[in-house]
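To keep things clear, I will list the structure first and then write my remarks on it.
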Amino acid sequence: MRYLRYTVLFLAVTAIGCVKEQNLVEVPSHFPELPVPTDNLLTREKIELGRWLFYEEALSKDSSVSCASCHIQNLAFADGKKVSVGVHGATGQRNSPALQNLAYYPNFFMDGGIPTLEMQVEAPIFTEEEMDFNYFEASKRLNADNHYQKMFLAAFNKGADAYGITRSIAAFERTMISGNSKYDQFKNGTATLTKEEESGMSLFFSEKTGCSDCHSGFLFTDFSLVNVGLYETYLDTGYARISRKPEDSGKFRVPSLRNVALTSPYFHDGSGESLEEIINHFSTGGKLHPNKDARIRRLNLSQGEQEDLVAFLHTLTDESFIQDPRFSDPKHSD
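Numbering (the working numbering), first residue to last: 24 to 357.
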């Protein structure tokens, strides 16, 4: 896809600062300090502009698609489809991922091919199967709108351009923090788990399943690239498209499991329709592939154990996040 060339063209390393709150972002007490690039510090004006642009269809060629078309709040900013749908009904090759806690991500996309949030904004705008547009024409549209003229001046002291579009959307996305699930409340001592949920939690963190070997840390991912034996032959070769190495075929980034119960279908191509199907895949050990990770093995989980794991995964849903008005469409806000 076209976005691969941006990885080659843009490899600058950005200095990172940290904030705990800045009075702009609420960071849970059990989360680390929020990393923020020193060349894109958060401001109220920048965040609000980014929120408007996230929902702005004028960023697509035919003004029919916005970021929010494929990232819907009540689905934890996934879209419930196997693969994303762009302008003129064009379909991509990959499932739209959830958007949450992105400030902590070391890279972006399922193959880890993009190093910053600012660069990530570019890909959907330029990609033919998504917005199929460019910054020059998008900026012309925005600069012709009095509302956006004022917002860009307030945020950047100039009109709309590629810099302002990417920085503001990235700033807004950094504020999308999710850390108030039932599991978080349990860990903080303000909620209790059911017997099934506790059993599932024990299984999740056990050596028997090894789930937490990859789905570790406060985001339930170690961001590693893993082949989970989904196919014997991969049409989308994942990280191998970047590395050009056959040993990387079928490797995709381990996803965060926060809000996972809301983000079906699963896997890079949306081929896993339910959590039950995902758990069964790992219980049976997946398909044979020369690159399949050695940790993907037959677990022989009982039906009850699989149900308990699913019950635990539901405790990772953060209802407050998917209802937070700060992340909703500003055109429809009260």
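Every residue, glycine too, gets a C-beta built ideally from N, C-alpha and C.
All of these numbers come straight from a predicted model, not from anything done at the bench.
- Under the 10 Å beta carbon count, Asn282 is surrounded by 16 or more other beta carbons and is classified as buried.
- With a beta-carbon spacing of about 6 Å, Val249 and Lys274 fall inside the 8 Å limit used to define contacts.
- By the neighbour-count criterion, in which 16 or more other beta carbons inside 10 Å mark a residue as buried, Ser297 falls on the exposed side.
- Judged by DSSP in its simplified three-state form, Val106 adopts coil rather than helix or strand.
- In its chain, beyond the 5 residues on either side, Phe175 and Gly187 have a beta carbon closer than 8 Å to the beta carbon of Lys181.
- The segment 117-128 makes no contact with the segment 148-166; the number of CB pairs closer than 8 Å stays below 3.
- In this structure, Leu72 is the residue among Ala113, Ser119, Asp259 and Leu72 with its C-alpha nearest to the C-alpha of His170.
- In this chain, the alpha helix (DSSP H) harbouring Pro147 covers Leu140 to Phe149.
- The straight-line gap separating the alpha-carbon atoms of Ser107 and Ile95 is approximately 12 Å.
- Its Cα nearest to that of Leu242, the residue Tyr206 stands out among Arg318, Tyr206 and Ser287.
- With respect to Ile200, Leu57 sits close: the two C-beta atoms are nearer than 9 Å.
- Straight through space, the alpha carbons of Ala161 and Asp236 are spaced by roughly 43 Å.
- With a threshold of 16 other beta carbon atoms within 10 Å, Gly240 falls short and is exposed.
- A straight-line Cα-Cα distance of about 17 Å links Phe305 and Ser225.
- Below 8 Å, too few C-beta pairs join the segment 205-220 and the segment 83-102 to call them touching: fewer than three.
- Secondary structure at Gly73: helix, using DSSP grouped into helix, strand and coil.
- Nearest neighbour of Pro147 by Cα position, chosen from Pro129, Lys218 and Pro120, turns out to be Pro120.
- Lys104 places its beta carbon less than 9 Å from that of Gly293.
- Cα atoms of Ser52 and Leu339: separation of roughly 17 Å, rounded to the nearest angstrom.
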